[in-house]
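To start, the structure itself, in structure tokens.
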Amino acid sequence: MDDLPQSKIIKDNPIESGLDAFRASFTSIYQGASVSSSSDALEQLGQEELHKVVLAFLRVAQILPAADLLPARTGRGTLRSDLLRIELALLSDDFDFDRLKPLLRLALADRPDDVLIWRKVYGAVVESTPPPRPTASSLQQTPWLRSTSSFPNSSEHRKHVDDVLKEELGPMYVGLRNFHDKYFGGVANLEAGSRTFFEQCLKGSHSKFDHGWEGWPKDANQDDVLSWFAGFSEKLAAFSDDLQLIPARRSGRRPLAKPNEPIDGSVGRRKMDVGFVSNSQAGKDSRCHWSQILVPGELKSNPSADKASEAWLDLGRYAREVLAAQDTRRFVLGFTICGSLMRVWAFDRVGGIASEQFDINNDGYRFVFTVLGFLWMSEEELGFDPTILTANHERFIEIERNGSTERIIIDEVMLRARCIAGWATTCWKAHPEGHPGMLLVIKDSWQYPERDEEGDLLCEAADKGVVNLARHYHHETVQIRETDDDVQNNVRRGLDIIAATNYRPGRRMQPSDMPTMDVPRKGRASTSRKRLSSPTDSVLPPNKRSCSVSPTKATSGLPNRIHRRVIVQDYGKPIYKASSRSALLAALEGCVEGHESLHKAGILHRDISINNLMINEDRDNPSWPSFLIDLDLAIREQRGGASGAKGKTGTRAFMAIGALLGEQHSFMHDLESFFWVLFWICIHYDANGKDIGPTEFDSWNYESDNKLVLSKVGTTGDESLFLKIAAENFTSYYQPLIPWVNRLRREVFPSGERWKRPEPELYSSMKKTLHDAQKAPEVQPDG
Numbered sequence: 049m050d051d052l053p054q055s056k057i058i059k060d061n062p063i064e065s066g067l068d069a070f071r072a073s074f075t076s077i078y079q080g081a082s083v084s085s086s087s088d089a090l091e092q093l094g095q096e097e098l099h100k101v102v103l104a105f106l107r108v109a110q111i112l113p114a115a116d117l118l119p120a121r122t123g124r125g126t127l128r129s130d131l132l133r134i135e136l137a138l139l140s141d142d143f144d145f146d147r148l149k150p151l152l153r154l155a156l157a158d159r160p161d162d163v164l165i166w167r168k169v170y171g172a173v174v175e176s177t178p179p180p181r182p183t184a185s186s187l188q189q190t191p192w193l194r195s196t197s198s199f200p201n202s203s204e205h206r207k208h209v210d211d212v213l214k215e216e217l218g219p220m221y222v223g224l225r226n227f228h229d230k231y232f233g234g235v236a237n238l239e240a241g242s243r244t245f246f247e248q249c250l251k252g253s254h255s256k257f258d259h260g261w262e263g264w265p266k267d268a269n270q271d272d273v274l275s276w277f278a279g280f281s282e283k284l285a286a287f288s289d290d291l292q293l294i295p296a297r298r299s300g301r302r303p304l305a306k307p308n309e310p311i312d313g314s315v316g317r318r319k320m321d322v323g324f325v326s327n328s329q330a331g332k333d334s335r336c337h338w339s340q341i342l343v344p345g346e347l348k349s350n351p352s353a354d355k356a357s358e359a360w361l362d363l364g365r366y367a368r369e370v371l372a373a374q375d376t377r378r379f380v381l382g383f384t385i386c387g388s389l390m391r392v393w394a395f396d397r398v399g400g401i402a403s404e405q406f407d408i409n410n411d412g413y414r415f416v417f418t419v420l421g422f423l424w425m426s427e428e429e430l431g432f433d434p435t436i437l438t439a440n441h442e443r444f445i446e447i448e449r450n451g452s453t454e455r456i457i458i459d460e461v462m463l464r465a466r467c468i469a470g471w472a473t474t475c476w477k478a479h480p481e482g483h484p485g486m487l488l489v490i491k492d493s494w495q496y497p498e499r500d501e502e503g504d505l506l507c508e509a510a511d512k513g514v515v516n517l518a519r520h521y522h523h524e525t526v527q528i529r530e531t532d533d534d535v536q537n538n539v540r541r542g543l544d545i546i547a548a549t550n551y552r553p554g555r556r557m558q559p560s561d562m563p564t565m566d567v568p569r570k571g572r573a574s575t576s577r578k579r580l581s582s583p584t585d586s587v588l589p590p591n592k593r594s595c596s597v598s599p600t601k602a603t604s605g606l607p608n609r610i611h612r613r614v615i616v617q618d619y620g621k622p623i624y625k626a627s628s629r630s631a632l633l634a635a636l637e638g639c640v641e642g643h644e645s646l647h648k649a650g651i652l653h654r655d656i657s658i659n660n661l662m663i664n665e666d667r668d669n670p671s672w673p674s675f676l677i678d679l680d681l682a683i684r685e686q687r688g689g690a691s692g693a694k695g696k697t698g699t700r701a702f703m704a705i706g707a708l709l710g711e712q713h714s715f716m717h718d719l720e721s722f723f724w725v726l727f728w729i730c731i732h733y734d735a736n737g738k739d740i741g742p743t744e745f746d747s748w749n750y751e752s753d754n755k756l757v758l759s760k761v762g763t764t765g766d767e768s769l770f771l772k773i774a775a776e777n778f779t780s781y782y783q784p785l786i787p788w789v790n791r792l793r794r795e796v797f798p799s800g801e802r803w804k805r806p807e808p809e810l811y812s813s814m815k816k817t818l819h820d821a822q823k824a825p826e827v828q829p830d831g
């Protein structure tokens, strides 16, 4: 260790008696193991004892003063974070304890050398935290990205949501030249209407546009810009109504500008600067619900705010609320204005993309074209699903089944995932037309094209006699205008993110603290009042304008999701809404049985969570008494190739420790998830599924994988500590289940440790514990 600052840190912060606690632990461990001599104890200890010795050293080393001052070897932070990484690595089945023995011997020496000890610590960091072992193929399990849809029982505090939303959205690509053409080009009469309005603005001695818009605030103060934009949009909306070039149902759209007033319909308090709403009675400062927001907008006074960490993320937050509140919305268009620089955005199930940046005071016609486009677009052009139809005050879909067309009536929304990018699952309670007693569930989601179709897996499970699993009725790929509804070719109309001004091959995201300025292009529309260039004019180089590219080839390798629809004929409610404690336990037992049946059929579920375990307590409902749903993440277990599944899989709060560590997913991980589901329910719900609100476990939705692993290991590793956690956190209604949840913990975590090998008998032992618990007097309704 030749680095002078590090040497000085070590000299100024000697270890001295700092390792005494470790030496005492070591003495206790080797004496308990009946080792004859301490001189060669390390060589005589077994793996379990070595694990305890290493853990004791790491716990002590982390609190040494130098550990919090010496730089980390593996990245940002201090050496303490590296020691924590080694502690996490101990959970791996193939941790090599022999590599740490030289360090342990130095720490146990009568006259330890501080410099040598810290040098060995750095060496241990490199040796003990190698790149992840290839536990799964790159397609089966690649690094997992969190999603804002996985927030059970959360307050959705903005800071926490923003952190996960950044990860969910990934790179937001801007500067796409053909954006206006793709999203606005099909709006009927838009060019003619825009030219008419803009020409009126140019006429006379009191023109509204003369090298800039009349009344535009010189300092672009946010409040003044809001007032100006709202007034301008009102005039344009009135002009639009007078022209009568669009259907009457669209003439009711109005601007909304009330940045200090929360909009109704959010989990957390959410405000929006400006936007357009579907409410003919709305004034520019009316209060609205997110279900009425058609186009959200974000205004910033400073042009430098046009970057990922500011205006882009703010608009993304609004888009998430719009998508969550509108159950037939496939994507959301929006806009940002930073200073006088405007972009138009599209947020879909892959992420966010945006147009080129343009100055509304230089390109006044493009500004008119954009705002009028928002007012005139059809519902489909704004992102609504045209396959969800309405007649006689009923919503419905039509499917082709058994050679004939069936109309399926939508009764109500059961679930709408609160996210932008991802599966974005929506479930509706439904029934076939003319058969109101036949309960169905329609499920829409956006899957990776390379994934097994959930409908195919459900058919296969039915053919193999799987029990306690939602039964297949119909499945299809949603088609819009006779084309498969996917993001790349249908939603984005073939726009290529490689053409974005901030696209960088091999880089996940442009640094969020850098504002993005589009490179000015030659031939851009001038500020002259004589020429009105169309926003949809193509400005591609000649060699690109003259060739036609296959959509398949053009999007090869680009991120994509495809819109799938599945209908099942089992209807229930989430397991946490059980009418009694014994009913909950019986339903959980049935779901474990369903998982075992599915596993024996060669299919692994991989997403056991509170919303995927259902209970049916209605005697008139022919559905299973309890059953599993959602095979979005399921895979065929014994297959030769990769499934195409991307990322660590599951809902964060319920993921098994091994799954969080990146291990190849197995049925054992799913069985552990059943335990976490019951644990979570007992903490967050009272009788009849009443949610008590956020708890300290809310952090499990947001914190890093490493922290979540440590939280779960700490929760289950020691019985007395687990009982204390349960006593302090289980609701009064679920306090009687504490001894039974603890028994289940013993099955899932024998001796406080997770299983390191497959154990098929765990199914039986878990079901027995759940079955016995149902009969316990303290669990019964009158207990």
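All the letters of the sequence shown, read from the start, carry residue numbers 49 to 831 under the numbering used here.
Note that CB positions come from ideal geometry on N, CA and C, so glycine has one too.
Can you tell me the Cβ-Cβ gap for residue i and residue j, rounded? I've got them flagged as a contact below 8 Å.
i	j	result
G382	G345	6 Å
D718	L652	7 Å
D500	I683	7 Å
Y619	N550	46 Å between Cβ atoms; not a contact.
I458	L371	Going by Cβ atoms, the distance from I458 to L371 rounds to 18 Å, so no, they are not a contact pair.
L488	I436	Rounded, the Cβ-Cβ distance is 15 Å, inconsistent with contact.
Give me the Cα-Cα distance between residue i and residue j, rounded to the nearest whole angstrom.
i	j	result
R794	T817	10 Å
L430	K755	41 Å
L661	P607	30 Å
C336	R466	19 Å
M557	G223	Note that M557 scores 40 on pLDDT, short of 50, meaning its location in the model is unreliable and no value can be drawn from it.
I610	V616	19 Å
T244	D289	14 Å
E809	V796	11 Å
F44	E216	This structure gives no information on residue 44, because the portion of the chain shown stretches from 49 to 831.
K214	R613	28 Å
R301	G125	51 Å
P119	V419	53 Å
D272	E427	31 Å
L423	L342	9 Å
Q712	A114	37 Å
At a cut-off of 7 Å, would you count residue i as near the ligand HEM, judging by its Cβ distance to the nearest heavy atom?
i	result
D290	This structure simply doesn't include the ligand HEM, nor any ligand for that matter.
What are the boundary residues of the beta strand (DSSP E) that residue i is part of?
i	result
S326	322-326
D362	From DSSP, D362 is part of no beta strand (DSSP E) but of the alpha helix (DSSP H) over 361-373.
L342	341-348
I610	610-616
K477	474-480
R455	452-464
Give every residue of the same chain whose Cβ lies closer than 8 Å to the Cβ of residue i, excluding the five residues on either side of it in the sequence, and list them in chain order.
i	result
L847	No statement about residue 847 is possible, as the shown extent of the chain runs from 49 to 831 and does not include it.
D561	At D561, the pLDDT of 36 sits below 50, so the modelled position is not reliable; the number obtained from the coordinates is stated separately. Correct list, in chain order: K355, S357.
V515	E641, G642, S645, W672
Which residues in the same chain as residue i place their Cβ atom closer than 6 Å to its Cβ, once the five residues preceding and following it in sequence are excluded?
i	result
Q110	R128, L131
W360	M220
K386	The sequence shown places Cys at residue 386, not Lys. Same-chain partners within the cutoff: K348, P351, A353, D354, A359.
Using only CA atoms, which one of the options lies nearest to residue i?
i	options	result
Y366	P351, F232, A509, D312	D312
N537	E442, I436, I457, V398	V398
R541	L90, R147, F723, R225	R225
H732	V725, D362, I740	I740
A824	S630, M703, W803, S674	S630
G364	T376, P434, A394, I408	A394
V173	E508, T75, E135	E135
F417	L274, W724, Y231	Y231
Taking the continuous alpha helix (DSSP H) assigned at residue i, which residues delimit it?
i	result
W724	715-732
T244	238-250
S129	127-137
Q95	95-109
Grab me the residues of residue i's own chain with a C-beta within less than 7 Å of its C-beta, minus the 5 sequence neighbours each way, in chain order.
i	result
V789	L726, F727, C730, A774
D407	S388, L389
H522	I447, R449, I615
L105	According to the sequence displayed, residue 105 carries Phe and not Leu. The residues are F70, L152, A155.
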